[in-house]
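Undergrad: Here the sequence shown stands for residues 59 to 585, numbered as in the numbering used here.
Backbone N, C-alpha and C fix where the C-beta goes; we use that ideal spot for every residue, glycine too.
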Amino acid sequence: MAGAQAQRAGRHRTAGGRAILALASLACGLAALGNAGSVFAAGAPRRSSRARSAIALEAAKKISFKEAGQQKLAAGINAVANAVKVTLGPKGRNVVLQRDSFQAPQIVNDGVTIARAITLQDAEMNLGAKLLTQASAKSETNAGDGTTSAAVLTQEMVNQGMQLVVSGYNPVLMQKGMKAAASKIAEEVEKLAKPVKSGDLLDIATVSVGGDAAMGKNIADAFEKVGETGNVVIEESQVLSDEVEVTEGLTLDRGFISPYFVTDRQRSVAELKKPRVLVTDQKISDAYDIINLLEDLLKTKQPIFIIADDVTGEALQTLVLNKQRGILDIVAVKAPAFGARKTAILQDIALATGSTFINSELGMTLFDATPEQLGTCERVVVEKDKAIIISDGSNAEAVKERIRQLEDEVAESDSSYDQDKLQERIASLGGGVAKIKVGGPTETEVNDKKLRYTDAMSAVRSAKEMGIVPGGGSALLHLTRSDFADGVKEALKTDDEKAGAELVFKSLEAPMRQIAKNAGEDPSEVL
Numbered sequence: 059m060a061g062a063q064a065q066r067a068g069r070h071r072t073a074g075g076r077a078i079l080a081l082a083s084l085a086c087g088l089a090a091l092g093n094a095g096s097v098f099a100a101g102a103p104r105r106s107s108r109a110r111s112a113i114a115l116e117a118a119k120k121i122s123f124k125e126a127g128q129q130k131l132a133a134g135i136n137a138v139a140n141a142v143k144v145t146l147g148p149k150g151r152n153v154v155l156q157r158d159s160f161q162a163p164q165i166v167n168d169g170v171t172i173a174r175a176i177t178l179q180d181a182e183m184n185l186g187a188k189l190l191t192q193a194s195a196k197s198e199t200n201a202g203d204g205t206t207s208a209a210v211l212t213q214e215m216v217n218q219g220m221q222l223v224v225s226g227y228n229p230v231l232m233q234k235g236m237k238a239a240a241s242k243i244a245e246e247v248e249k250l251a252k253p254v255k256s257g258d259l260l261d262i263a264t265v266s267v268g269g270d271a272a273m274g275k276n277i278a279d280a281f282e283k284v285g286e287t288g289n290v291v292i293e294e295s296q297v298l299s300d301e302v303e304v305t306e307g308l309t310l311d312r313g314f315i316s317p318y319f320v321t322d323r324q325r326s327v328a329e330l331k332k333p334r335v336l337v338t339d340q341k342i343s344d345a346y347d348i349i350n351l352l353e354d355l356l357k358t359k360q361p362i363f364i365i366a367d368d369v370t371g372e373a374l375q376t377l378v379l380n381k382q383r384g385i386l387d388i389v390a391v392k393a394p395a396f397g398a399r400k401t402a403i404l405q406d407i408a409l410a411t412g413s414t415f416i417n418s419e420l421g422m423t424l425f426d427a428t429p430e431q432l433g434t435c436e437r438v439v440v441e442k443d444k445a446i447i448i449s450d451g452s453n454a455e456a457v458k459e460r461i462r463q464l465e466d467e468v469a470e471s472d473s474s475y476d477q478d479k480l481q482e483r484i485a486s487l488g489g490g491v492a493k494i495k496v497g498g499p500t501e502t503e504v505n506d507k508k509l510r511y512t513d514a515m516s517a518v519r520s521a522k523e524m525g526i527v528p529g530g531g532s533a534l535l536h537l538t539r540s541d542f543a544d545g546v547k548e549a550l551k552t553d554d555e556k557a558g559a560e561l562v563f564k565s566l567e568a569p570m571r572q573i574a575k576n577a578g579e580d581p582s583e584v585l
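Now the structure itself:
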């Protein structure tokens, strides 16, 4: 029964090709756990005995050898995995995280968020906990979702691998077999994947938010409204209900230059509300070049969004220091593209934001720039690999005119390459941005919904890019069939390699077993 529920609720999931490819590299590290000769855990730092010296010496290390170290690492992995895996599947439960005393508790259903929040007192066990967190984060980075499944797979492989190592198998050869099996599994998942159809988005989104039909509909509506060229962002609302709003905006394929600009650590994004916008083709390395602008903005407490050829050295240190100390809200990104195309894109951005393009070819300098040359926008959302500028509508007519000019250039051009690049500029200027405005009666509920929206949006993007496979753990379970698994193992040379491959195939049952268990069913009956 639980298996059927999982199949219905999860019949459309992201292909997971990237996640399983990540599993291939992860398998190496997990098998190496059994080969760990020693585990290093840092102790408290020692200070010099000299009374006047404030020099902190390198922390003393505690070294655990062989079985003792391996068991500690495995215990840390199991501790975190056990806390995470209760959230898996349509009947998964929530986890409450205690935060700082002045913050409300956080209710979450996301594996990697839970894993990141856990720090174990035992330093050696904590190393194992961080290994599991790294595995979940790898899934989030490569596939956008599947973090809890990654934790379940990791735990299963570690526990099985430890048993095999104790039985006398060679962990180095096991590692080779694990990597070979994981690579073949990744290839097979890619073959199973089917392209997403228009009606699939609602199912994918609903499954990813934990079965909430209203939230799933908001996500599907948002993606359908902006089409292939637009973007979807999340913001908090002052009302109790959620709503979708489409506004003008543009997207850059560049993320924040430094992670220290991030304002929301859980979502790994940097957001600025009503910032001033600086657009230049110059490299900023000397803080002296922008100090006048920063001082002027400090008087009005206005945040600044910087788009430049690059920001490095003393200038970057100055921006980060001001951001970290709460003196001025700042985010900087590199200008997209190169050469003449970069100049054209920067001119588009300047037009859309009402900025003056500080162009080095015209002899303009940053030192002479004034606040009047800075543009404006409603909001900026910057991730590690892209930036979304949400327009305030003040330059809408100018943007429409620029789009008409670009369309004329497309019609007149004989070069397919130039036409493609012009179409990209048109899409960036006219794609639009859908805002999912999240509301709720309490801060705890709003934060929970924001995290679920973020996960589901990543799943939808991943599905659109890579396709979908049957969910509920059934796609992985399908790959444990004897004809496929035996074929992979026969290609391996030694019994140790085959044992490593068999370990991976057995682990593929773990997600469905956990889904069934969370639904209150007997996993052996479901499988």
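(1) Taking its Cβ as the centre, do 16 or more other Cβ atoms sit within 10 Å of A100, making it buried, or is it exposed?
(2) Measure the C-alpha to C-alpha separation of A454 and E436 and round it to an integer number of angstroms.
(3) Opposite Q405 in the DSSP bridges: which residues?
(4) Please classify N276: does DSSP put it in a helix, a strand, or coil?
(5) Just the Cα atoms here: how many angstroms apart are K20 and L185?
(6) So what's V154 in DSSP terms, helix, strand or just coil?
(7) Please report the straight-line C-alpha distance between D580 and V144, rounded to a whole angstrom.
(8) Quick test of your reading: T191 and A173, contact by CB under 8 Å. State the CB separation rounded to the nearest angstrom.
(9) Would you call the CB atoms of A193 and T212 closer than 9 Å?
(10) Alpha carbon to alpha carbon, how far is Q161 from M661? Give it in angstroms, no decimals.
(11) If you follow the alpha helix (DSSP H) that E470 is in, where does it begin and where does it stop?
(12) Could you tell me whether the stretch 474 to 484 touches the stretch 347 to 362, where touching means 3 or more Cβ pairs closer than 8 Å?
(13) Are K551 and V254 touching if we call contact CB-CB under 9 Å?
(14) Determine the burial state of Y227: buried for a count of at least 16 other Cβ atoms within 10 Å of its Cβ, exposed for fewer.
(15) Just curious, the beta strand (DSSP E) that L330 is in, first and last residue?
(16) Leaving aside the five residues before and after A263 along the sequence, list all residues of the same chain whose C-beta is less than 6 Å from its C-beta, in chain order.
(17) Determine the DSSP secondary structure at V291, reduced to helix, strand or coil.
(18) For L336, which beta-bridge partners are listed by DSSP?
(19) Return the bridge partner residues of R437 from the DSSP annotation.
(20) What are the boundary residues of the beta strand (DSSP E) that includes T305?
(21) When the Cα atoms are used, what is the spatial distance from I365 to K400?
(22) Looking only at its own chain, which residues have a Cβ that is under 7 Å from the Cβ of I176, when we skip the five neighbours before and after it?
(23) Would DSSP call V265 helix, strand or coil?
(24) G257: which of I243, F281, G235, E245 sits nearest, CA to CA?
(25) Give me, in chain order, the residues of the same chain whose beta-carbon lies closer than 6 Å to that of L231; leave out the 5 immediate sequence neighbours on both sides.
(26) Using the Cα positions of S197 and V210, report the straight-line distance between them to the nearest angstrom.
(27) Going straight from the alpha carbon of L308 to that of A393, what length do you get?
(28) Nearest to S565 by CA position, among G219, L432, G397, is which residue?
(29) Which residues does DSSP pair with D322 in a beta bridge?
TA: Reading from the atomic positions:
(1) Locating residue 100 in the sequence shown gives position 42, counting from the first residue. Unreliable placement is indicated for A100, whose pLDDT of 48 sits below 50; the coordinate value is still reported in the next sentence. Flag for A100 reads exposed.
(2) One-based indexing of the sequence shown puts residue 454 at position 396. One-based indexing of the sequence shown puts residue 436 at position 378. Taking the straight line joining both Cα atoms gives about 13 Å.
(3) Working through the sequence shown from its first residue, we reach residue 405 at position 347. Partner(s): none; Q405 has no beta bridge.
(4) Taking the first residue of the sequence shown as position 1, residue 276 is located at position 218. Look at N276 here: in three-state DSSP terms it is helix.
(5) With the chain covering 59 to 585 only, the question about residue 20 has no answer from this structure.
(6) Numbered from 1 along the sequence shown, position 96 holds the residue referred to as residue 154. For V154, the three-state secondary structure derived from DSSP is strand.
(7) Reading the sequence shown from its first residue, position 522 is the one you call residue 580. Reading the sequence shown from its first residue, position 86 is the one you call residue 144. Those two C-alpha atoms are separated by around 15 Å.
(8) The residue given as residue 191 occupies position 133 in the sequence shown. The residue given as residue 173 occupies position 115 in the sequence shown. The Cβ separation is near 4 Å, so the contact holds.
(9) Along the sequence shown, read from residue 1 onward, the residue named residue 193 stands at position 135. Along the sequence shown, read from residue 1 onward, the residue named residue 212 stands at position 154. Yes, Cβ-Cβ distance for A193 and T212 is below 9 Å.
(10) Because the chain in this structure spans residues 59 to 585, residue 661 falls outside the shown range and cannot be described.
(11) Taking the sequence shown and counting its residues from 1, the one referred to as residue 470 is at position 412. Residues 454 to 470.
(12) no
(13) Walking along the sequence shown from the start, residue 551 turns up at place 493. Walking along the sequence shown from the start, residue 254 turns up at place 196. Cβ atoms of K551 and V254: not closer than 9 Å.
(14) One-based indexing of the sequence shown puts residue 227 at position 169. Under this definition Y227 is a buried residue.
(15) Counting from 1 along the sequence shown, the entry for residue 330 is found at position 272. Unbroken beta strand (DSSP E) run through L330: 328 to 331.
(16) Here residue 263 refers to the residue found at position 205 when the sequence shown is read from its first residue. Excluding residues within five positions, the ones whose Cβ falls inside 6 Å are G274, I277, A278, A514, V518.
(17) By one-based count along the sequence shown, residue 291 stands at place 233. Strand.
(18) For the purposes of this step, residue 336 is identified with residue 278 of the sequence shown, where counting begins at 1. Bridge partners of L336: I364.
(19) Here the question's residue 437 lines up with position 379 in the sequence shown. Its beta-bridge partners are K331, I448.
(20) Residue numbering aside, residue 305 sits at position 247 when the sequence shown is read from its first letter. T305 -> beta strand (DSSP E) spans 301 to 305.
(21) On the sequence shown, position 307 is the one that residue 365 refers to. On the sequence shown, position 342 is the one that residue 400 refers to. One C-alpha to the other measures close to 11 Å.
(22) Locating residue 176 in the sequence shown gives position 118, where the first residue counts as 1. So the list reads V138, A141, A187, once near-sequence residues are dropped.
(23) Position 207 of the sequence shown, counted from the first residue, corresponds to residue 265. Judged by DSSP in its simplified three-state form, V265 adopts helix.
(24) Here residue 257 is taken as the residue at index 199 of the sequence shown, counted from 1. For the residues I243, F281, G235, E245, the minimum Cα distance to G257 belongs to F281.
(25) The sequence position of residue 231 within the sequence shown is 173, counting from 1. Closer than 6 Å at Cβ, skipping near neighbours: T552, D554, E555.
(26) Position 139 of the sequence shown holds residue 197. Position 152 of the sequence shown holds residue 210. Spanning the two alpha carbons is a distance of roughly 12 Å.
(27) As a position in the sequence shown, residue 308 is number 250, starting the count at 1. As a position in the sequence shown, residue 393 is number 335, starting the count at 1. Rounded to whole angstroms, L308 to A393 spans 14 Å at the Cα level.
(28) As a first step, residue 565 must be located in the sequence shown, where it is residue number 507. Answer by Cα proximity: G219.
(29) Working through the sequence shown from its first residue, we reach residue 322 at position 264. Note: D322 sits in a beta bridge opposite V327.
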